[in-house]
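These protein sequences, in sequence, are chains A and C.
Take the first sequence: its letter number 124 is residue 127 in the working numbering, and every next letter is one higher.
Take the second sequence: its letter number 144 is residue 182 in the working numbering, and every next letter is one higher.
We put the beta carbon where it would ideally sit given N, CA and C, even for glycine.
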Amino acid sequence: MLPGFAPTLGLTLFVLSVLVVIPLGGLFVKASGLSLAQDAALLATPRVASAFRLSFGLAFAAALLNGFAGIFIAWVLERYRFPGRRALDALVDLPFALPTAVAGITFAALYAHNGWIGALLQPFGVQVSYTRVGIFLALVFVGLPYVIRSVQPVLADLEREAEEAALTLGAGSAQILARVIAPPLIPALLTGMALAFARGVGEYGSVIFIAGNMPGLTEILPLVIVIRLEQYDYAGAALLASVMLVASFVVLLAINLLGLWSRRRHGA
Amino acid sequence: MARETGIGESRTLRAALIAGSAGFLILFLVLPLAFLASEAFAAGFAAYVRSLGTPDTLAAIRLTLLVAAIAVPANTLFGLAASWCIAKFEFPGKNLLLTLIDLPISVSPVIAGLVFVLIFGAQGWLGPILSAHGIRVIFAVPGLVIATVFVTLPFVARQLIPLMQEQGLAEEECALVLGATGWQTFWRVTLPNIRWALLYGVLLCNARVMGEFGAVSVVSGHIRGATMTMPLQVEALYQDYNVVAAFALASLLALLALITLVIKRLLEWSHQGEIGSAGSA
Numbered sequence: 004m005l006p007g008f009a010p011t012l013g014l015t016l017f018v019l020s021v022l023v024v025i026p027l028g029g030l031f032v033k034a035s036g037l038s039l040a041q042d043a044a045l046l047a048t049p050r051v052a053s054a055f056r057l058s059f060g061l062a063f064a065a066a067l068l069n070g071f072a073g074i075f076i077a078w079v080l081e082r083y084r085f086p087g088r089r090a091l092d093a094l095v096d097l098p099f100a101l102p103t104a105v106a107g108i109t110f111a112a113l114y115a116h117n118g119w120i121g122a123l124l125q126p127f128g129v130q131v132s133y134t135r136v137g138i139f140l141a142l143v144f145v146g147l148p149y150v151i152r153s154v155q156p157v158l159a160d161l162e163r164e165a166e167e168a169a170l171t172l173g174a175g176s177a178q179i180l181a182r183v184i185a186p187p188l189i190p191a192l193l194t195g196m197a198l199a200f201a202r203g204v205g206e207y208g209s210v211i212f213i214a215g216n217m218p219g220l221t222e223i224l225p226l227v228i229v230i231r232l233e234q235y236d237y238a239g240a241a242l243l244a245s246v247m248l249v250a251s252f253v254v255l256l257a258i259n260l261l262g263l264w265s266r267r268r269h270g271a
Numbered sequence: 039m040a041r042e043t044g045i046g047e048s049r050t051l052r053a054a055l056i057a058g059s060a061g062f063l064i065l066f067l068v069l070p071l072a073f074l075a076s077e078a079f080a081a082g083f084a085a086y087v088r089s090l091g092t093p094d095t096l097a098a099i100r101l102t103l104l105v106a107a108i109a110v111p112a113n114t115l116f117g118l119a120a121s122w123c124i125a126k127f128e129f130p131g132k133n134l135l136l137t138l139i140d141l142p143i144s145v146s147p148v149i150a151g152l153v154f155v156l157i158f159g160a161q162g163w164l165g166p167i168l169s170a171h172g173i174r175v176i177f178a179v180p181g182l183v184i185a186t187v188f189v190t191l192p193f194v195a196r197q198l199i200p201l202m203q204e205q206g207l208a209e210e211e212c213a214l215v216l217g218a219t220g221w222q223t224f225w226r227v228t229l230p231n232i233r234w235a236l237l238y239g240v241l242l243c244n245a246r247v248m249g250e251f252g253a254v255s256v257v258s259g260h261i262r263g264a265t266m267t268m269p270l271q272v273e274a275l276y277q278d279y280n281v282v283a284a285f286a287l288a289s290l291l292a293l294l295a296l297i298t299l300v301i302k303r304l305l306e307w308s309h310q311g312e313i314g315s316a317g318s319a
């Protein structure tokens, strides 16, 4: 028997309790300080309701685009050889490592009327910075690696023999895609999209610079929480945060169930 | 030329897929980075250096280094302890523990800051006791450290746990049977086996610590020269329309991110299989 179980488990449990469990529990306690009627009233405020729709809706839209683009990008990076492939592949992790505020000011300025892309769009009357499109682009950036990085290892593990066998047996490209390649990819795709979605809902730094932050229009949910806090409405901030957290829990649970489902299906 | 392995798709389709994918990645990753660099040096190299040398910016850099000097070792220690007990032992509730370790990743950074304001803030549960003893946590350095540690808690642990589970405990048991003590086993057997994964975990954790924005923004109070970390200073400069200075400071953080990615790649090439499942974070 290896030594060190009790102290390491003890330290782990202590840190998790003090830093994660108690603070998050306190959040729910604080939120429950409001009556249900007050809860409903706060959540039904047009400003709050619109922030919920905006954050969840755009995070979902960004996850969809990332899911769609991510499948193609993962396929290209994994299966084809072309100059610059390695550099692009390495760069996919950039949104994991680049500070959100840095991404935020870069995207805001890039798409502003005097930025490289904003200036190109200006003549066509297209405005991106300080609109929902801008928020969407920032969320696409933030969620970009998740689908690619969860699909890539599955593509790499696919047995080429299965594809070749299907070819010899007379299957067409479309059939191979649908019957051989797609089934194991779908769970990885869904997992990646769920992670990108969860990240997008709570994203703050990369969004607030490009968002314009107009209440009811381009104000995201995390910003509404910050504003409540700055007005010393601790209970209101805690309630909004709790509702967001519960939503994240549901997504996490869904991710775990997806993992279970995929393992069972493919007997790994 | 290396043999390409497709499913019999035409050359045109391949070319189109490559062009589309590369275009997407260039639009979202390469172009922003190039723009960032061009903005940082828009007023020339001298202005770049000068803007980094202002007292507030230097104070922000110093504070970020201080926070990292506390938060990174703390998370490394936690990551080692957590991966040791989870990967090397069987006990009930392990999956719950893993979920708890992952939890900070899916919590919005704003909420991460908020929970500590609720505890340590002036109107928080511990606020009255702390202020009676003259201790400041929120709007001060301790709050920045605590919020940062929360947000980056999982990074080292997540890098180590899958790898250590894969490696099992045969080598450690061997060392113990041969008469090594527990510490000797850890230093001479376990640590050499996990060093590259540990290095990458620490580097990624460090990049996240230095770049953390949402959580520290909530607990910082934005006191210039005192509680502004580098990302908060980037925000302040940008909102002051001091765009060159904002992008100059941002370029340092971007450089840190790029170096982290390059080291990750180098580790993957030179020590394949020793840094664990390619770290998604």
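{"Item": "DSSP-derived helix/strand/coil call for Q41 (chain A)", "Value": "helix"}
{"Item": "Identity of the residue in A:F252, A:S245, A:E164 nearest T33 (chain A) by Cα", "Value": "The question names Thr, but residue 33 (chain A) is Lys in the sequence shown. Looking at the Cα atoms, A:S245 is the closest of the given residues."}
{"Item": "Residue-level contact to chain C via CB, S132 (chain A), 8 Å cutoff", "Value": "no"}
{"Item": "Any C-beta of chain C under 8 Å from that of A271 (chain A)", "Value": "Bear in mind that the predicted position of A271 (chain A) carries a pLDDT of just 45, short of 50, making it too unreliable to give a figure here."}
{"Item": "Interface partners of V249 (chain A) on chain C, CB under 9 Å", "Value": "The premise fails here: V249 (chain A) is roughly 11 Å from chain C at the closest Cβ pair, so nothing lies under 9 Å."}
{"Item": "Delimiting residues of the alpha helix (DSSP H) encompassing Y114 (chain A)", "Value": "103-114"}
{"Item": "Contacts that K126 (chain C) makes with chain A (C-beta to C-beta distance below 9 Å)", "Value": "L5, G7, F8, T11"}
{"Item": "Given G233 (chain A) as reference, the closest of C:V256, C:A185, C:L275, C:L135 once Cα atoms are compared", "Value": "The sequence given here has Glu at residue 233 (chain A), not Gly. Closest by alpha carbon: C:V256."}
{"Item": "Residue environment, L212 (chain C), which counts as buried when at least 16 other CB atoms sit within 10 Å", "Value": "One point to set straight first is that residue 212 (chain C) is Cys, not Leu, in the sequence displayed. Exposed, because fewer than 16 other Cβ atoms sit within 10 Å of the Cβ of C212 (chain C)."}
{"Item": "Chain A within 8 Å of T298 (chain C), Cβ atoms only", "Value": "yes"}
{"Item": "Integer-rounded CB distance, given that F224 (chain C) should sit under 8 Å from N113 (chain C)", "Value": "Not confirmed; about 18 Å, so no contact."}
{"Item": "As assigned by DSSP and simplified to three states, the class of F85 (chain A)", "Value": "coil"}
{"Item": "Three-state secondary structure assigned by DSSP to Q324 (chain C)", "Value": "Because chain C in this structure spans residues 39 to 319, residue 324 (chain C) falls outside the shown range and cannot be described."}
{"Item": "Rounded straight-line distance, which links the Cα of T265 (chain C) to that of Q197 (chain C)", "Value": "31 Å"}
{"Item": "Cβ of W119 (chain A) within 8 Å of any chain C Cβ", "Value": "yes"}
{"Item": "Residues in the region 35-57 of chain A having any Cβ partner in chain C nearer than 8 Å", "Value": "none"}
{"Item": "Status (buried if at least 16 other CB within 10 Å, exposed otherwise) for S59 (chain C)", "Value": "buried"}
{"Item": "For W358 (chain C), three-class secondary structure by DSSP", "Value": "Past the edges of chain C, shown from 39 to 319, lies residue 358 (chain C), and the structure says nothing about it."}
{"Item": "Chain C contact for D160 (chain A) (CB, 8 Å cutoff)", "Value": "no"}
{"Item": "Residue-chain proximity (E77 (chain C), chain A), Cβ-Cβ < 8 Å", "Value": "yes"}
{"Item": "Residues in the region 133-155 of chain C having any Cβ partner in chain A nearer than 9 Å", "Value": "N133, L135, T137, L138, I139, D140, L141, P142, I143, S144, V145, S146, P147, V148, I149, A150, G151, L152, V153, F154, V155"}
{"Item": "8 Å Cβ cutoff met for V105 (chain C) and V247 (chain C)", "Value": "yes"}
{"Item": "Helix, strand or coil at Y86 (chain C) according to DSSP, with G and I counted as helix", "Value": "helix"}
{"Item": "Within-8 Å CB hit, F66 (chain C) to chain A", "Value": "yes"}
{"Item": "is_contact[V108 (chain A), chain C] using C-beta, thresh 8 Å", "Value": "Strictly speaking, residue 108 (chain A) in this sequence is Ile, with Val absent from that position. At least one chain C Cβ lies under 8 Å of I108 (chain A)."}
{"Item": "Beta carbon of V272 (chain A) nearer than 8 Å to that of G203 (chain A)", "Value": "Chain A is shown only over 4 to 271; residue 272 (chain A) falls outside these bounds and no answer can be derived."}
{"Item": "Closer than 8 Å to chain A by CB, G165 (chain C)", "Value": "no"}
{"Item": "Nearest neighbour of I76 (chain A), chosen from C:F62, C:Y86, C:H260, C:L136 [CA to CA]", "Value": "C:F62"}
{"Item": "Interface residues of chain A facing I56 (chain C) [CB-CB closer than 7 Å]", "Value": "V79, Y83, F85"}
{"Item": "Sub-8 Å separation of V105 (chain A) and V282 (chain C) beta-carbons", "Value": "no"}
{"Item": "Selected residue, minimal CA-CA separation from F73 (chain C), among A:G118, A:G13, A:L5", "Value": "A:G118"}
{"Item": "Rounded Cβ spacing between P102 (chain A) and F251 (chain C) (contact assumed at less than 8 Å)", "Value": "6 Å"}
{"Item": "Against chain C: residues of the region 229-250 of chain A by CB proximity under 8 Å", "Value": "V229, L232, Y235, Y237, A240, A241, A244, M247, L248"}
{"Item": "Alpha-carbon spacing of C243 (chain C) relative to Q310 (chain C), whole angstroms", "Value": "21 Å"}
{"Item": "E204 (chain C) - DSSP class collapsed to helix/strand/coil", "Value": "helix"}
{"Item": "Assigned secondary structure, R135 (chain A) (DSSP; H/G/I helix, E/B strand, else coil)", "Value": "helix"}
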